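Notes for the one structure printed next.
Listed below in structure tokens is the structure:
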């Protein structure tokens, strides 16, 4: 485990760092002011969704994502590759990129490694993530080997694009290592990525449905291969236990939409585990959700009132629960 900070274009980010997921430039149910009060200096946005739902030209007119959203802290933008590859029946991979069909309107698109970098350059992203293939747990060695090789080739192409960036743009490129759950592929991927010498390294393709023991095995194995001076980012983990495991192994950045997603079902993160506020036992409960929490919910409202809001499908209940869960995550890290 280690503590420190990263100097990024829009300010310092203390590590370890939990990065809230603001897919379209905002976290669901939360104002930027809530995150700013928590001293959140890094938010994740998704290139796939911004490209398809907003459009690159709109962001270009605003001269970047920061101006468009008024978020004056740092943005990490991922390629959206995980989303593309989750629709296995709607995409086709080649050596340069991926053809895919947008699941909302059926339109066809083509993502290349160079194109993904160019989009994120227009966004003005502070940390850029390249296109990669996040393969599923349980695939065979040959398939994992193919996807690892393609990911490395895309990383190399993206790295070349980063050397020809537009003048004045100083976002940092974090390259992604893959390899599925085969250690020799993991080692080769990490060594190949390290040769490119990008500012940071991401470990991708874990926490994708594998047993917890396998997750920890690959996390520890990968961590030991990455030099200490490189910032380390594990993609797509966000449950408290997984985060604490990652911190133990010296991981600096992690993200997950789980803290916001589970509020839709009335689930709250607490020091005693997940509280399912929809249970009947909380109907007349006048106590606060968590005594040592300073979020709006815990300072003012009772468990019974929140249960009423959630059961009635009132948006205010989701807002309160989302703020609480984010407060919990930042309190856990601090």
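Residue numbers (my numbering): 1 to 334.
Beta carbons are placed, not taken as given, at the ideal position from N, Cα and C, and that holds for glycine.
These figures come from a predicted structure and were not determined experimentally.
Asked                                                                                                                           : Found
DSSP state of residue 109 mapped onto helix, strand, coil                                                                       : strand
Beta-carbon proximity check, residue 21 vs residue 192, cutoff 8 Å                                                              : no
Rounded separation between residue 154 and residue 176 - CA only                                                                : 10 Å
Boundaries (first-last residue) of the beta strand (DSSP E) holding residue 273                                                 : 273 to 276
Those residues which DSSP pairs with residue 21 across a bridge                                                                 : 44
Stretch-stretch touch, CB-based, cutoff 8 Å, three pairs: the stretch 139 to 158 with the stretch 212 to 220                    : no
Between the CA atoms of residue 5 and residue 15 - distance to the nearest angstrom                                             : 5 Å
Burial state of residue 63 (16 or more Cβ within 10 Å)                                                                          : exposed
Alpha helix (DSSP H) segments (min. 4 residues) lying fully within the stretch 125 to 196                                       : 141 to 162, 183 to 196
Reference residue 310, options 171, 221, 280, closest by Cα                                                                     : 280
First and last residue of the uninterrupted alpha helix (DSSP H) at residue 325                                                 : 315 to 333
Residue 10 - containing alpha helix (DSSP H), residue span                                                                      : That residue, residue 10, is in no alpha helix (DSSP H); it is neither H nor E in DSSP.
Sequence-distant residues of the same chain with beta carbon closer than 6 Å to residue 77, five excluded per side              : 45, 47, 120, 123, 125
Stretch pair the stretch 282 to 295 + the stretch 318 to 328: three plus CB contacts closer than 8 Å                            : yes
Residues near residue 82 in its chain [Cβ-Cβ closer than 6 Å; skip 5 each side]                                                 : 134
Cut-off 6 Å between Cβ atoms - residues of its own chain near residue 330, not counting five sequence neighbours on either side : 38
Presumed contact (8 Å Cβ cut-off) between residue 222 and residue 247, rounded CB distance                                      : Not a contact, Cβ separation roughly 15 Å.
The stretch 194 to 211 touching the stretch 100 to 113, judged by at least three CB pairs closer than 8 Å                       : no
With 16 other Cβ atoms within 10 Å as the buried cut-off, status of residue 104                                                 : exposed
Alpha-carbon to alpha-carbon, residue 308 and residue 54                                                                        : 35 Å
Residues near residue 317 in its chain [Cβ-Cβ closer than 7 Å; skip 5 each side]                                                : 306, 309, 310
Under 8 Å between C-beta atoms of residue 232 and residue 262                                                                   : no
For residue 99, the first and last residue of its enclosing beta strand (DSSP E)                                                : 97 to 101
Where residue 26 falls: helix, strand or coil (DSSP)                                                                            : coil
Separation of residue 273 from residue 168, as counted between CA atoms                                                         : 46 Å
Beta carbon of residue 196 nearer than 8 Å to that of residue 148                                                               : no
Run of the alpha helix (DSSP H) containing residue 57, from where it starts to where it stops                                   : 56 to 61
Spatial distance of residue 117 from residue 161 (CA atoms)                                                                     : 7 Å
Burial state of residue 312, where buried means 16 or more other Cβ atoms lie within 10 Å                                       : exposed
Whole-angstrom C-beta distance between residue 278 and residue 230, which should lie under 8 Å                                  : Not confirmed; about 43 Å, so no contact.
Exposed unless 16 or more other CB atoms sit within 10 angstroms - verdict on residue 132                                       : buried
Euclidean distance between Cα positions of residue 12 and residue 211                                                           : 35 Å
Minimum length 4: unbroken alpha helix (DSSP H) runs contained in the stretch 68 to 96                                          : 81 to 86
Given residue 29 as reference, the closest of 1, 95, 314, 332 once Cα atoms are compared                                        : 314
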